[in-house]
Structures are given as C-alpha cells and as structure tokens.
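Student:
6 protein chains.
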Amino acid sequence: MVEQQNKGIGKQALQLVLASSDELEELKSDMEQLTYQYCLGKTGSMDLQKVVSAIETAAKRNHIIKEKLYREMHALYHAILEAVQGVTRGQVQLGDVMRTVGLRFAVVRGKPYANEDEGEWVAVALYGTIGAPIRGLEHETAGLGINHI
Amino acid sequence: MVEQQNKGIGKQALQLVLASSDELEELKSDMEQLTYQYCLGKTGSMDLQKVVSAIETAAKRNHIIKEKLYREMHALYHAILEAVQGVTRGQVQLGDVMRTVGLRFAVVRGKPYANEDEGEWVAVALYGTIGAPIRGLEHETAGLGINHI
Amino acid sequence: MVEQQNKGIGKQALQLVLASSDELEELKSDMEQLTYQYCLGKTGSMDLQKVVSAIETAAKRNHIIKEKLYREMHALYHAILEAVQGVTRGQVQLGDVMRTVGLRFAVVRGKPYANEDEGEWVAVALYGTIGAPIRGLEHETAGLGINHI
Amino acid sequence: MVEQQNKGIGKQALQLVLASSDELEELKSDMEQLTYQYCLGKTGSMDLQKVVSAIETAAKRNHIIKEKLYREMHALYHAILEAVQGVTRGQVQLGDVMRTVGLRFAVVRGKPYANEDEGEWVAVALYGTIGAPIRGLEHETAGLGINHI
Amino acid sequence: MVEQQNKGIGKQALQLVLASSDELEELKSDMEQLTYQYCLGKTGSMDLQKVVSAIETAAKRNHIIKEKLYREMHALYHAILEAVQGVTRGQVQLGDVMRTVGLRFAVVRGKPYANEDEGEWVAVALYGTIGAPIRGLEHETAGLGINHI
Amino acid sequence: MVEQQNKGIGKQALQLVLASSDELEELKSDMEQLTYQYCLGKTGSMDLQKVVSAIETAAKRNHIIKEKLYREMHALYHAILEAVQGVTRGQVQLGDVMRTVGLRFAVVRGKPYANEDEGEWVAVALYGTIGAPIRGLEHETAGLGINHI
Ligand SMILES: [Mg+2]
Ligand SMILES: [Mg+2]
Ligand SMILES: [Mg+2]
Ligand SMILES: [Mg+2]
Ligand SMILES: [Mg+2]
Ligand SMILES: [Mg+2]
Numbered sequence: 050m051v052e053q054q055n056k057g058i059g060k061q062a063l064q065l066v067l068a069s070s071d072e073l074e075e076l077k078s079d080m081e082q083l084t085y086q087y088c089l090g091k092t093g094s095m096d097l098q099k100v101v102s103a104i105e106t107a108a109k110r111n112h113i114i115k116e117k118l119y120r121e122m123h124a125l126y127h128a129i130l131e132a133v134q135g136v137t138r139g140q141v142q143l144g145d146v147m148r149t150v151g152l153r154f155a156v157v158r159g160k161p162y163a164n165e166d167e168g169e170w171v172a173v174a175l176y177g178t179i180g181a182p183i184r185g186l187e188h189e190t191a192g193l194g195i196n197h198i
Numbered sequence: 050m051v052e053q054q055n056k057g058i059g060k061q062a063l064q065l066v067l068a069s070s071d072e073l074e075e076l077k078s079d080m081e082q083l084t085y086q087y088c089l090g091k092t093g094s095m096d097l098q099k100v101v102s103a104i105e106t107a108a109k110r111n112h113i114i115k116e117k118l119y120r121e122m123h124a125l126y127h128a129i130l131e132a133v134q135g136v137t138r139g140q141v142q143l144g145d146v147m148r149t150v151g152l153r154f155a156v157v158r159g160k161p162y163a164n165e166d167e168g169e170w171v172a173v174a175l176y177g178t179i180g181a182p183i184r185g186l187e188h189e190t191a192g193l194g195i196n197h198i
Numbered sequence: 050m051v052e053q054q055n056k057g058i059g060k061q062a063l064q065l066v067l068a069s070s071d072e073l074e075e076l077k078s079d080m081e082q083l084t085y086q087y088c089l090g091k092t093g094s095m096d097l098q099k100v101v102s103a104i105e106t107a108a109k110r111n112h113i114i115k116e117k118l119y120r121e122m123h124a125l126y127h128a129i130l131e132a133v134q135g136v137t138r139g140q141v142q143l144g145d146v147m148r149t150v151g152l153r154f155a156v157v158r159g160k161p162y163a164n165e166d167e168g169e170w171v172a173v174a175l176y177g178t179i180g181a182p183i184r185g186l187e188h189e190t191a192g193l194g195i196n197h198i
Numbered sequence: 050m051v052e053q054q055n056k057g058i059g060k061q062a063l064q065l066v067l068a069s070s071d072e073l074e075e076l077k078s079d080m081e082q083l084t085y086q087y088c089l090g091k092t093g094s095m096d097l098q099k100v101v102s103a104i105e106t107a108a109k110r111n112h113i114i115k116e117k118l119y120r121e122m123h124a125l126y127h128a129i130l131e132a133v134q135g136v137t138r139g140q141v142q143l144g145d146v147m148r149t150v151g152l153r154f155a156v157v158r159g160k161p162y163a164n165e166d167e168g169e170w171v172a173v174a175l176y177g178t179i180g181a182p183i184r185g186l187e188h189e190t191a192g193l194g195i196n197h198i
Numbered sequence: 050m051v052e053q054q055n056k057g058i059g060k061q062a063l064q065l066v067l068a069s070s071d072e073l074e075e076l077k078s079d080m081e082q083l084t085y086q087y088c089l090g091k092t093g094s095m096d097l098q099k100v101v102s103a104i105e106t107a108a109k110r111n112h113i114i115k116e117k118l119y120r121e122m123h124a125l126y127h128a129i130l131e132a133v134q135g136v137t138r139g140q141v142q143l144g145d146v147m148r149t150v151g152l153r154f155a156v157v158r159g160k161p162y163a164n165e166d167e168g169e170w171v172a173v174a175l176y177g178t179i180g181a182p183i184r185g186l187e188h189e190t191a192g193l194g195i196n197h198i
Numbered sequence: 050m051v052e053q054q055n056k057g058i059g060k061q062a063l064q065l066v067l068a069s070s071d072e073l074e075e076l077k078s079d080m081e082q083l084t085y086q087y088c089l090g091k092t093g094s095m096d097l098q099k100v101v102s103a104i105e106t107a108a109k110r111n112h113i114i115k116e117k118l119y120r121e122m123h124a125l126y127h128a129i130l131e132a133v134q135g136v137t138r139g140q141v142q143l144g145d146v147m148r149t150v151g152l153r154f155a156v157v158r159g160k161p162y163a164n165e166d167e168g169e170w171v172a173v174a175l176y177g178t179i180g181a182p183i184r185g186l187e188h189e190t191a192g193l194g195i196n197h198i
C-alpha cells in the first residue's frame, strides 16, 4: 500500500489557482512546510499553443523543471495536456472552435507519497474562464493534470 | 457585456469538494449570502454509470434539480459529463481501461451573472483519486462542468 | 413523463437542410403552424472557426438568438459543436487534417415538448459535403445538435 | 473532377429515417429509379454493441452486404461507427454514461457518382432519440456515415 | 472464413518504416514476391496538414493510388488518419499542442487475403519521433492504418 | 541536446511484436547488448480491461516493473493506454463497438538516451488483428506507447 501525505499535490495546485490574494499568503506558508516547489502565472489566448508554452516557460524559468532534461519536460508536458483536457472538455481546441480562455495556472512539484521511493511528482492546475471571443460571454473552467517526474 | 459576480459558481463548487471540515463551515455561510443552492456527496466506482447516477440522484433528492423537468435534467447531465472529462482526461472510461475513482462531488445552482436575464446556471465539481483497482496506486483528479439551466 | 409534439425540432432542422427548393416551400408553412423560428444558410471552408462563426452570425442576425444574452449564445454554441461532431466524426478538425466542407445549415428554435415548462430549445442541423480540397473528391456528411435555451 | 448524381446516397438514407409512412412510399419509388439498394430498421438500447449489431444483421439479412466478404463488412462497419459518432457526439458510449437510444436506421448501397469507376458506396443513417433511461427525458439525435465498398 | 496470407500488408508496411538500409534491401525482394506495391518517404512538421499531404502526394506520384479516383483517395485518406491516431495518441494535433514530428512513412497496396474476392487493401505505417520543437526533447512514435480500396 | 542511442526502445519493442521465431532469436541477442529488459506475451479479447490487465500482469511477473511502486505502475499504465490508442484508432473500445482483438505485446524497459540523467523509460508495443468477433473478418493493427519511469 502506498500511503499519501495529508495534503495532495493536486489539491495544493488547485487551491493556488483558486485563491484570493489573502488565501494565497496562507497557502504559501503551507507549501513551505510540505517542501513543495511551485510557480504561479496567468495566460490568456485563443491559441492553445500559447497556453501550453506559457506554462512550460514559467516552470522552466522558476526552476520547477530542468529544461535540459527531457524526462522532466516530458512529465510536465503530459501533466499540462491532462489539465488542458479538463479545461476544454472534449475537443482539445480553442480558436479552431471559436473560443478563448483566460487562465491562472499553478505548477507544483514535490513528494506527495509517504513512501520515499515514490519520488517526485508534478501537478498542473488551471482555473479561469472559457467562452466566445467577446468579453463576458464566458463561464468558468478548470483542469488538473498529475504525473510522476 | 455580461458582468460576473465576485465569486463564480464553479469556484464555489470546486472549493466545496476541496474543503476540509473546518473550511466547509465557512463556505456554507458564504453560499447562503450568495443565494446559491448546493449539495455535496461521495461516490466511488469502476463503473462510470454509477458515478453519473450518484450525482444525478443527489441533485434530485436535494431538490437542486427538478427531476420531472427534462430541461433541468439535461442541463445537469451535460454539466456532469463535462466534469467527468476533467476526471478521465481523454477517454471517458473507468473499468474498461482498468481504473477506478473515489470522488467527492458538489452540485451548485444559482445566478452567477449580475445581469438577471442570464438566469440560473449549474456547476458540477469533482475531486478525488483515480488509479488502479489496488488501494494506494492512485493519484488525484478533478473536473468542473458548467451549464445554463 | 415528458410528451413530445408530433414533429421534433431536430427533424424540422434536418428536413430544412435536406430540402429541395420545392420541398422548402412546404416546410416553411409547416413551421409557421408549429410556431418554430428558424434561419437557413450556407458555409464552406477548411477553417472550422469560419463554420462556427457563420452559423452564430446567421442566428444572431435573424434574431433566433439574443446575442447580448450569454445563456442563449452558450446554448447555441454547444448545439453547433454537437452538430459539427456529426460532420467531422471523430476529430473536430478540417484543414488540420487536410479536408474541407461545403454545408447548408439550419438553426431552429421553439418549444418541442407538450409540457410548457420544458420551454425553448434550439436545434442546429448541418448537411453537405466533406472531403479533400479538390472539387469532387468528397462525400456527404451531416450533423445534428440540440440544446435547451 | 468527380461528378455526383442529383440525389446523394447520404441524403437518401437520411430521408428514409426521417420519413413518415406517406413520405416513405414516395421515397421507395425514387430509390428504384436510382437503382439504390437499401434496408430499414429500428433499434433501441443502452448497449452500443446491440445497436451496431442490429444494423449489421439487417444489412446482411437483406443482402445489402455480403456477410462472407470482409471488405464489405469492413466498409459497413466503419460507416456504422461514423453514423454512431453523430448520434453520440463526443463519447461513443451509451449506458456507460447513463443514456439510452431509440433509433431508426437505414443502410443504402449504390453508385452515387456519375463516373462508373467510382463504384459502389454505402451510407448508414440514424435518427431517433437519446437521453436518460426514463421515458420522455430525451431529445432527438442523428448521424450519417459513408464509405466506399 | 477469410484466410490471410503469410505476411500481412500492415506488418510489411511497419517493417519498411523500421528498417535499416540493409534490412530494406531484403524487404524489397520480399515485396516483389508478394506482388505488393509500395512507396517510402519522410516528412517532418509541426503542421499535421503537411504530414497528411506528404503521404498523399507520395502515394499519388508513385502510382500507388489513382489520384483521379475518389474511392482510392478516400481509402488512402482514412488509412492515413488511422495511422496518425497511433502517432498522436489521443489528440490528432501537433503544433496546436506544442509538438512536432519527424516521421518515415510507407504506403503498401495489395491483396493480403487468400480469397481473391477480398481484393485490394492499403496500409499506411508511420514511425519516427514526436516531441517538443527542440531537438532531442522527443521520443519514438508509430502508427498503422489499414483500409480496403 | 539529448542524444539518443542507435536503437530506440520503441523500435526494439515493435520489432519484438513483429518478429518471426527466427528473427526473435536475433533480437534477443541485440537486447542483451543494449541492456534493455523486456517481456513478450499474447492477449486476445473483446474486453479492453483484459488486454490492459494481461500486459500489466506480464510486466509485473517478469519483474520489468515493480508492482509495489506506484510511479512504475503509473508509467506503465499510461504507456499501455497510448499503445491501445494506436490499436483502436479513435475510440478506446472493443466489445462496446462490436470488435475484438488478438494481439502480441512487448514491454521494454531501459535507458534509450545517451545522457545517463535521462534515466529509464518504458515502451509498450502491440501488434495483431482487430475486427468483428468472427474469425477472419479482421485486419492488422498496431500501437506504441512510451513513457519515462
Ligand atoms: Mg495518470
Ligand atoms: Mg460551455
Ligand atoms: Mg443533450
Ligand atoms: Mg470519409
Ligand atoms: Mg478498419
Ligand atoms: Mg509522450
């Protein structure tokens, strides 16, 4: 049996993208105790490539992921794609089906399992709006992707 | 332009499924102020039909949705399916691809937009674990579906 | 039990896109009796965004859908996407997978159920050809999407 | 350039599944002039396998398709799957996602192109209802699949 | 029962894309004995349209497929799409989800079944790499599509 | 830049499932030189769950994957699902859409990249037949999935 720590890496990532500025301060201290690494950012586009790229770039610049190591980039990439599937729900497409997103993203890296051998994992959480490319014609959307590194 | 209220119906639903018991008390008072209706529940299965059915049943029993009115059931059904796509990320399948879920779910109904004419919407949030049918061989998963009623 | 009227809104929409000019006259008088509102149009492109946009624009210009009301645009949008899935059968893509469409579309709005409380619904029907971007290298295709408004 | 005959094989199939009993008589004489072969049937299930099987069986029994010849069965099978995608719009699933269908189906075989070398093609059309496994909680659905034989 | 020849058309196509230059010579003599026709090529792009187009063009130029006959182009097109699904595993997309491919492709045409009436079939095999648009950040990928002509 | 070794782990896995018994002997000596670990097996079913399970069980019994370590099981699971997508090309389903498979599978584990830090990866290759549940009414199919461990 694989024992999981109290607070999952995915819940942590989701709470980061959902947090108000006050809640964010509290979460940051939580994460230091858990020795999780993370980065936060925003991205908005009708072009899915830009969304994927914004998350990858943030994770690399904040040294969450080693950009020279393909296994780390591969782990992050599939976690991003999984999160994007929650956001797009059915067709992994934005502009092609005439819609746009405005998203906050969080990338969290750490050891979520009590067993040390389970090693490091990465979580990508997305939260924001999706809708027509007309301000206000939009509703909320979210996604979570998780992978071992 | 469609103005949105401070706290989205989707964020509300996600926070309900992510909440610890302490956080839950706080959220419940939030929701009364917003005049949102909601229900919370748990479901776990290798059979996707049971997951869909558990959420539908809870929403009907708690009078979030009028079960005799197809337009309400239809709105809820598509919101559930969208949330399930976030959970399954690619194939809307559980047992068929040898995996199982343990999920908390929230169904929230209300008027998330400032413009009264936008009427009522429903949000379905899911959070829990997905993995092999062996305890512990699992990671977190989440999904959010939103629809007008 | 929800009783449905004799002629469904979807059948009406499909017959509109399949009709010859003679048949069209007959259908138009049918629809007046049913108090359905509708619009008809044509669109052809390798760019799926243009297909979605053409249908949305026609529905707005013909006052089938209130463009300022997101709940109506949202209902139409998902009905369009469902119809497009019938046309594309598997990948919601045109030019990216080297194919083009020439389509007639119909958007029909009204009350298809006998129970007044079921309110208004929208049907989007598509019929035409899909194939290589070379005239004649194509076969027929169709799709139907239905949603509550 | 490949010239197509006045009435497509797909339109023919769609009109067969949409027809009232009066319209059906008229269509049948149309089809004799076009030398198209066809069969018509009904199927209803929460089990997608039964839907596929009902259409295959009808096509074999009515000698639309030679059941001993794999190339014919293969052509029909893919046409059925394409039609089913129009019916299910996104997930090729029924009971697993808690829904059921009641469908009329038509299988039409013949030469839709003016150029004799284009040979025979098959069209599968589906029309009926999809929804919750409770009578009346359902809306219309349709699909069309086309393949060369 | 349909008897298949010793060496399948799909295995033949896969071995062609996997072969080193030495192995290729051996395979070429195999194929002459089997009276299979084939062509081989390379394509690399972030643009899926170019991948589809490169394979179609090679098959036409090498007279594997008659480009004036839609039924042959249709058979090839669906075989290509099926092979591409093996390469992309889930979303039939490249640049849109920030990835690129470098592929060898083989198109093989012939009669793989002992029963003469089963006629001609086409196989499309793909093998190469998929990954980020940065040299080396990639892993292998493959796909196989088969259709009757 | 990440340098790859001469023979990829995916090519190795594909050649194992395509090999005749003579070719297999040769491949086995190749693999010893490359220090790749692998296992080979067969599985046939209309039930996708059995296919996934057969591959997982073989990988565990042959000690390719440590069954107590979730990160290894997770890596294998996603590689299997990716390979299955090549086999099913569009809908990750067998019996539900009235088809069955007979497959050979190979699981290969090792270090395919020259850079030691890239660590271990796993490849799952599938090759066999897919078709109607009637002997002979089937054609070839293949899939390849690759993941970091
Ligand atoms: Mg996973
Ligand atoms: Mg929506
Ligand atoms: Mg619906
Ligand atoms: Mg086609
Ligand atoms: Mg096939
Ligand atoms: Mg990968």
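Chains as they are written, first to last, in the working numbering: chain H, 50 to 198; chain Z, 50 to 198; chain V, 50 to 198; chain Y, 50 to 198; chain U, 50 to 198; chain R, 50 to 198. Ideal placement from N, C-alpha and C gives every residue a C-beta, glycine not left out. From a predicted model like this one, the values you see are computed outputs, not experimental measurements.
What is the residue span of the alpha helix (DSSP H) that U/Gly59 lies within?
Tutor: Position 10 of the fifth sequence, counted from the first residue, corresponds to residue 59 of chain U. Where U/Gly59 is concerned, the enclosing alpha helix (DSSP H) stretches over 58-67.
Student: So what's U/Glu75 in DSSP terms, helix, strand or just coil?
Tutor: For this step, residue 75 of chain U is matched to residue 26 along the fifth sequence. Note: U/Glu75 maps to helix in three-state DSSP.
Student: When we look at the beta-carbon of Y/Lys77 and count the other beta-carbons within 10 Å, is it buried (16 or more) or exposed?
Tutor: By one-based count along the fourth sequence, residue 77 of chain Y stands at place 28. Flag for Y/Lys77 reads exposed.
Student: Among the candidates Y/Leu193, Y/Ile198, Y/His197, whose CA atom is the shortest distance from the CA of Y/Leu67?
Tutor: Walking along the fourth sequence from the start, residue 67 of chain Y turns up at place 18. It is Y/Leu193.
Student: Would you say the beta carbon of H/Gln188 is closer than 7 angstroms to some non-hydrogen atom of ligand 2?
Tutor: For this step, residue 188 of chain H is matched to residue 139 along the first sequence. Before going on, a small fix: residue 188 of chain H reads as His here, not Gln. For ligand 2, at least one heavy atom lies less than 7 angstroms from the Cβ of H/His188.
Student: Of all the options Y/Leu118, Y/Leu125, Y/Gly168, which has the alpha carbon lying nearest to the alpha carbon of Y/Phe154?
Tutor: Numbered from its first residue, the fourth sequence carries residue 154 of chain Y at position 105. Of the listed residues, the one whose Cα sits closest to Y/Phe154 is Y/Leu125.
Student: Starting from U/Tyr85, follow the alpha helix (DSSP H) in both directions and report where the run begins and ends.
Tutor: Looking up residue 85 of chain U in the fifth sequence gives position 36. Run containing U/Tyr85: none; DSSP gives neither H nor E here.
Student: Does DSSP classify V/Arg120 as helix, strand or coil?
Tutor: Here residue 120 of chain V is taken as the residue at index 71 of the third sequence, counted from 1. Three-state result, V/Arg120: helix.
Student: What is the rounded straight-line gap between the Cα of H/Ser70 and the Cα of R/Pro161?
Tutor: Within the first sequence, the letter at position 21 stands for residue 70 of chain H. Within the sixth sequence, the letter at position 112 stands for residue 161 of chain R. Near 45 angstroms, if we compare the C-alpha coordinates of R/Pro161 and H/Ser70.
Student: Establish whether the CB of H/Leu130 and some CB of chain V are separated by less than 8 angstroms.
Tutor: Numbered from 1 along the first sequence, position 81 holds the residue referred to as residue 130 of chain H. So, not an interface residue.
Student: Hey, is the stretch 165-175 of chain H in contact with the stretch 121-139 of chain Z, meaning 3+ C-beta pairs nearer than 8 angstroms?
Tutor: Verdict: no, contact absent.
Student: Using a Cβ-Cβ distance under 8 angstroms, would V/Tyr126 count as near chain Z?
Tutor: Taking the third sequence and counting its residues from 1, the one referred to as residue 126 of chain V is at position 77. It does not; no Cβ of chain Z falls within 8 angstroms.
Student: Excluding the 5 residues preceding and the 5 following U/Ile104 in the sequence, name in chain order all residues of the same chain whose CB lies nearer than 6 angstroms to its CB.
Tutor: The residue labelled residue 104 of chain U in the question sits at position 55 within the fifth sequence. Taken in chain order, the residues that qualify are Ile129, Phe154.
Student: If the cut is a Cβ gap below 7 angstroms, which residues of chain R does Z/Met147 touch?
Tutor: Your numbering for residue 147 of chain Z matches position 98 in the second sequence. Going along chain R in sequence order, the residues near Z/Met147 (Cβ under 7 angstroms) are Gln98, Val101, Ser102.
Student: Quick one: list the residues of chain Y neighbouring R/Gly185, beta-carbon separation under 9 angstroms, in chain order.
Tutor: Locating residue 185 of chain R in the sixth sequence gives position 136, where the first residue counts as 1. In chain order: Tyr119.
Student: Give the straight-line distance between the Cα atoms of Y/Met147 and H/Tyr176, rounded to the nearest whole angstrom.
Tutor: As a first step, residue 147 of chain Y must be located in the fourth sequence, where it is residue number 98. As a first step, residue 176 of chain H must be located in the first sequence, where it is residue number 127. Answer to the nearest angstrom: the Cα atoms are 28 angstroms apart.
Student: Using a cut-off of 8 angstroms between C-beta atoms, extract the partners of U/Gly168 located in chain Y.
Tutor: Reading the fifth sequence from its first residue, position 119 is the one you call residue 168 of chain U. Arg120, listed in chain order.
Student: Near H/Asp79, what residues of its chain come up, given a Cβ to Cβ distance below 8 angstroms and the 5 sequence neighbours on each side ignored?
Tutor: Your numbering for residue 79 of chain H matches position 30 in the first sequence. Cβ neighbours of H/Asp79 beyond the five flanking positions: Lys56, Gln61.
Student: Return yes when at least one heavy atom of ligand 6 lies under 7 angstroms from the C-beta of R/His123, else no.
Tutor: Within the sixth sequence, residue 123 of chain R is the residue found at index 74, counting from 1. Checking the Cβ of R/His123 against ligand 6 gives no.
Student: Taking DSSP as the reference, what is the three-state secondary structure of Y/Glu169?
Tutor: Position 120 of the fourth sequence, counted from the first residue, corresponds to residue 169 of chain Y. Y/Glu169: coil per DSSP, three-state reduction.
Student: For a contact meaning CB atoms closer than 8 angstroms, what does Y/Ile113 contact in chain V?
Tutor: Within the fourth sequence, numbered from 1, the residue matching residue 113 of chain Y stands at position 64. Result: empty, since nearest Cβ-Cβ is about 18 angstroms, beyond 8 angstroms.
Student: Report the option in R/Gly90, R/Ile198, R/Glu167 whose CA atom is closest to the CA atom of U/Leu186.
Tutor: Residue mapping note: residue 186 of chain U aligns to position 137 of the fifth sequence, counting from 1. It is R/Glu167 whose Cα lies nearest to the Cα of U/Leu186.
Student: Can H/Ile195 be considered in contact with ligand 1, in the sense that its beta carbon sits closer than 7 angstroms to one or more heavy atoms?
Tutor: The sequence position of residue 195 of chain H within the first sequence is 146, counting from 1. Flag set: Cβ of H/Ile195 near ligand 1.
Student: Can you give the Cα-Cα distance for H/Thr106 and R/Arg138, rounded to whole angstroms?
Tutor: For this step, residue 106 of chain H is matched to residue 57 along the first sequence. For this step, residue 138 of chain R is matched to residue 89 along the sixth sequence. Cα to Cα, the separation comes out at about 32 angstroms.
Student: Taking C-beta to C-beta, are Z/Ile195 and H/His188 nearer than 8 angstroms?
Tutor: In the second sequence, counting from the first residue as 1, residue 195 of chain Z sits at position 146. In the first sequence, counting from the first residue as 1, residue 188 of chain H sits at position 139. Closer than 8 angstroms, so yes.
Student: Find the residues of chain V that neighbour Y/Leu63, judging by a C-beta separation of less than 7 angstroms, and give them in chain order.
Tutor: The residue you call residue 63 of chain Y lines up with position 14 of the fourth sequence. Residues of chain V passing the Cβ test: Leu63, Leu67, Ala191.
Student: Compute the Euclidean distance between the alpha carbons of R/Gln64 and R/Val157, then round it to the nearest angstrom.
Tutor: To locate residue 64 of chain R, count along the sixth sequence from 1; it is residue 15. To locate residue 157 of chain R, count along the sixth sequence from 1; it is residue 108. Roughly 11 angstroms separates the two Cα atoms.
Student: Going by CA-CA distance only, name the one from Z/Thr190, Z/Leu152, Z/Glu131 that's closest to Z/Leu89.
Tutor: What you label residue 89 of chain Z is simply residue 40 of the second sequence in a count that begins at 1. Comparing Cα positions, the closest option is Z/Leu152.
Student: Using 8 angstroms as the threshold, is the C-beta distance between R/Ser94 and R/Val150 below it?
Tutor: One-based indexing of the sixth sequence puts residue 94 of chain R at position 45. One-based indexing of the sixth sequence puts residue 150 of chain R at position 101. In contact: R/Ser94 and R/Val150 (Cβ atoms closer than 8 angstroms).
Student: Considering Y/Leu97, what are the terminal residues of the alpha helix (DSSP H) in which it resides?
Tutor: The residue labelled residue 97 of chain Y in the question sits at position 48 within the fourth sequence. Per DSSP, Y/Leu97 belongs to the alpha helix (DSSP H) from 97-110.
Student: Does the beta-carbon of Z/Glu165 have 16 or more other beta-carbons within 10 angstroms, so that it is buried, or is it exposed?
Tutor: Taking the first residue of the second sequence as position 1, residue 165 of chain Z is located at position 116. Exposed.
Student: When the Cα atoms are used, what is the spatial distance from Y/Lys91 to U/Gln82?
Tutor: Within the fourth sequence, numbered from 1, the residue matching residue 91 of chain Y stands at position 42. Within the fifth sequence, numbered from 1, the residue matching residue 82 of chain U stands at position 33. Approximately 48 angstroms between the Cα atoms of the pair.
Student: How would you list, in chain order, the residues of chain R whose beta-carbon sits under 7 angstroms from the beta-carbon of H/His123?
Tutor: Numbered from its first residue, the first sequence carries residue 123 of chain H at position 74. What H/His123 touches in chain R: His197.
Student: Nearest-angstrom Cα distance between V/Ile183 and Y/Tyr119?
Tutor: Reading the third sequence from its first residue, position 134 is the one you call residue 183 of chain V. Reading the fourth sequence from its first residue, position 70 is the one you call residue 119 of chain Y. Cα to Cα, V/Ile183 sits roughly 30 angstroms from Y/Tyr119.
Student: Given the structure, does V/His127 come close to ligand 2, in the sense that its CB is under 7 angstroms from one of the ligand's heavy atoms?
Tutor: Locating residue 127 of chain V in the third sequence gives position 78, where the first residue counts as 1. Yes, Cβ of V/His127 sits closer than 7 angstroms to a heavy atom of ligand 2.
Student: Less than 6 angstroms between C-beta atoms, sequence neighbours within five positions excluded: which residues of the same chain meet that for V/Thr190?
Tutor: One-based indexing of the third sequence puts residue 190 of chain V at position 141. These residues qualify, in order along the chain: Val136, Ile179.
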